[in-house]
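These notes are about the structure you will find just below.
Protein chains: 2
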Amino acid sequence: MSNPMFDVIEADLKELNEGLIGAVTSPVDLVTEIGTHLVTAGGKRIRPALCLLAAHGGPAYSLERLLPLAEALELIHTASLVHDDVIDEADTRRGCITANAKWDNQIAILSGDYIFARAFGLIAEGDYGNYVSKRLAELVCNLSVGEIIQDHTVYQAVKDLDNYYNRIQKKTADFLEICCELGAFVGGMSKEDVQKLAEYGHCIGMAFQITDDLLDIQQTSEKIGKPAGNDIRQGIVTLPVIHALSVSPDAAELEGIVTDSAMTDEMVARALAIVKATDGVEVAMAKVDEYLDRARSVLPDSLAPEIREAFVMVADFIGDRDF
Amino acid sequence: MSNPMFDVIEADLKELNEGLIGAVTSPVDLVTEIGTHLVTAGGKRIRPALCLLAAHGGPAYSLERLLPLAEALELIHTASLVHDDVIDEADTRRGCITANAKWDNQIAILSGDYIFARAFGLIAEGDYGNYVSKRLAELVCNLSVGEIIQDHTVYQAVKDLDNYYNRIQKKTADFLEICCELGAFVGGMSKEDVQKLAEYGHCIGMAFQITDDLLDIQQTSEKIGKPAGNDIRQGIVTLPVIHALSVSPDAAELEGIVTDSAMTDEMVARALAIVKATDGVEVAMAKVDEYLDRARSVLPDSLAPEIREAFVMVADFIGDRDF
Chain F
1407 MSNPMFDVIE ADLKELNEGL IGAVTSPVDL VTEIGTHLVT AGGKRIRPAL CLLAAHGGPA
1467 YSLERLLPLA EALELIHTAS LVHDDVIDEA DTRRGCITAN AKWDNQIAIL SGDYIFARAF
1527 GLIAEGDYGN YVSKRLAELV CNLSVGEIIQ DHTVYQAVKD LDNYYNRIQK KTADFLEICC
1587 ELGAFVGGMS KEDVQKLAEY GHCIGMAFQI TDDLLDIQQT SEKIGKPAGN DIRQGIVTLP
1647 VIHALSVSPD AAELEGIVTD SAMTDEMVAR ALAIVKATDG VEVAMAKVDE YLDRARSVLP
1707 DSLAPEIREA FVMVADFIGD RDF
Chain W
1407 MSNPMFDVIE ADLKELNEGL IGAVTSPVDL VTEIGTHLVT AGGKRIRPAL CLLAAHGGPA
1467 YSLERLLPLA EALELIHTAS LVHDDVIDEA DTRRGCITAN AKWDNQIAIL SGDYIFARAF
1527 GLIAEGDYGN YVSKRLAELV CNLSVGEIIQ DHTVYQAVKD LDNYYNRIQK KTADFLEICC
1587 ELGAFVGGMS KEDVQKLAEY GHCIGMAFQI TDDLLDIQQT SEKIGKPAGN DIRQGIVTLP
1647 VIHALSVSPD AAELEGIVTD SAMTDEMVAR ALAIVKATDG VEVAMAKVDE YLDRARSVLP
1707 DSLAPEIREA FVMVADFIGD RDF
């Protein structure tokens, strides 16, 4: 995501970046070096930004009070990406070399553990009460379970849409929901408004992941910086593919391809062509619009105009996203 | 460790085992299956047992109150072993197949993350206050940092004993210290007695790890179930080796071997012979005795006789350990 929608919290995000480096500074130089590499490697701070925006909705905004929580959210995201990169044997992420490539798998696994633990340490220091700790522990559980489900069902062409929605909820939407919810909670918003912002976070998270899945099908490889059809190649079926498996006259051929773990580049291209020949992309785009309409409509009335505007810009941005 | 020393808390440990299975039970069957495999794979429950014993020293022992903490300690240990086994590409542990061998590396990494997060979830549910959460987050940080230091200094023959003691403290002693400390703390012991039990935990932890390192040098491969000289082979120098590097007439030859990542079995055998020809084993054993004497001497006077006796038996057991 680009920056204008977060202009209203620009100064807060600058302090957050400094805080993140402080959070991974250790008496052991190597650990500091690894941690600093990870927290400065191009992260867009979407999660802490949502948390801080939501907190601005409350009557008693204090950056000092919010920072440990916002930092912990970014660290949890960072740690889970570090472990994902080990699993995917990725060499680069956001244009930077990954920890597993720069050091090795064991350093990357242990650094991920270290960063997860630093996040929970910050939460303890922030003294937010058990509810916040409990929700963050649930979040990390769900992130792991979401990945386990995904890894376990690759090349299986599960046609059940509930399975898909459940997976992207655990993988993406729960995280954005918690960022908004806990920001609003710690910012002191009413219980009702906390729930509204949580729903906003859920909706933009679902929309964001469906868009991400769509880009993998629609875009050229050059534009998204990885091969198009990458999900299909990895055996992950997304909304347009699941739709095509129901409606395409070539559904049997498509199913044969997406369940073949030895599929060739030609087969991936053929699968993409079958999906694009259906209305799968349009169906997915309509679902994105539905989630974003809902997100805009649940924003609490109590928000200050500039905060509401920022939240609306985030939703607009996801709808317009083409990279 | 064998059981008699924990007889006094036998009923508690039975409930703990049931609780651990409950703690890893998930709506996703595969996650439950993996979690159950991990928490029933031969763990000796030393960490939760120390926690429960220490809590029995307090005026207000309540198993119900202590269980989430004791379970969390075992889960943190389990998760760190799961990640260690991925790093070491181990197929078995305690006679059971490892998660990476039974499933694969990605499942093992994600399950480790899941179990770490469950531990922090239990701590939040237990409502012990920030001090306990903060100490456990520090523990996981230290475990990771200890491993990172160890991995980063393999085949380097660091002769500095402080480096060795620092490493085994982070790897083992800090964990046993925290088990005793937090058990005593939640059990309601006085601040002074909490500190005494923390020191007891530190001392038996240091003694336990030095003994472990000694066994790798002294025992036959059959007895310890892995090749003798395994640490040397992996480039990890332990107390007797560090001592030999200072005092042996063959120190230069020994250093040449332990810094050679391509060492052969013959070279490992020669390194073991050089170490055994010095008083390195005796020096290490004397250090173990020193730690255990200190451990027995710091036990608080306020302990009930059967609890004190159990703590003394643990120390005796570590001193007599030959497997």
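Chains as they are written, first to last, in the numbering used here: chain F, 1407 to 1729; chain W, 1407 to 1729. Backbone N, C-alpha and C define an ideal beta-carbon position, used for all residues, glycine too.
Shown here, I1503 of chain F sits in a strand according to DSSP, grouped into three states. Going by DSSP, A1525 of chain F is part of the alpha helix (DSSP H) stretching over 1511-1532. Along the length of the region 1560-1603 of chain F, whole beta strand (DSSP E) runs at least 3 residues long do not occur. Taking the beta carbon of G1594 of chain W as reference, no residue of chain F falls within 8 Å; the closest one sits roughly 20 Å away. R1714 of chain W and V1546 of chain W have their C-alpha atoms some 28 Å from each other. T1498 of chain W is bridged by DSSP to W:I1503.
K1420 of chain F and D1580 of chain W have their C-alpha atoms roughly 35 Å apart. The distance from the Cβ of I1574 of chain W to that of I1616 of chain W is about 7 Å, consistent with a contact at the 8 Å cut-off. When Cβ-Cβ separations below 7 Å define contact, Y1520 of chain W makes contact with chain F. Distances from the alpha-carbon of A1523 of chain W to those of W:T1446, W:V1564, W:G1441, W:D1510 put W:G1441 closest. Distance from the Cα of R1676 of chain W is smallest, within the candidate group W:A1710, W:G1593, W:E1659, for W:E1659. Taking the Cβ atoms as the reference, L1567 of chain F lies roughly 6 Å from I1648 of chain F, within the contact range of under 8 Å. Residue-level contact check: D1695 of chain W does not touch chain F, since none of the beta carbons of chain F fall below 7 Å from its beta carbon. Judged by beta-carbon spacing, A1478 of chain F lies beyond the 7 Å limit of L1436 of chain F, meaning their Cβ atoms are not closer than that value.
A direct Cα-Cα distance of roughly 28 Å separates L1473 of chain W from A1485 of chain F. The straight-line gap separating the alpha-carbon atoms of P1706 of chain F and V1414 of chain F is approximately 18 Å. For D1699 of chain W, the enclosing alpha helix (DSSP H) has its first and last residue at 1686-1703. Judged by DSSP in its simplified three-state form, L1709 of chain F adopts coil rather than helix or strand.
Collapsing the DSSP output to three states places P1410 of chain W in a helix. Taking CB atoms only, A1429 of chain F has no neighbour in chain W less than 7 Å away. In terms of beta-carbon proximity, G1641 of chain W stays away from the interface with chain F, with every pair separated by 7 Å or more.
Taking 7 Å as the threshold, the shortest C-beta distance from L1444 of chain W to chain F does not fall below it.
Shown here, R1714 of chain W sits in a helix according to DSSP, grouped into three states.
With a contact defined as Cβ atoms closer than 8 Å, M1719 of chain F and L1620 of chain F miss out at about 20 Å. DSSP places M1673 of chain W inside the alpha helix (DSSP H), whose first and last residues are 1671-1682. Straight-line measurement puts the Cα of A1507 of chain W at about 5 Å from the Cα of D1497 of chain W. From the beta-carbon of D1566 of chain W, no residue of chain F is found nearer than 7 Å; the closest lies around 15 Å away. The Cβ of K1540 of chain F sits closer than 7 Å to at least one Cβ of chain W.
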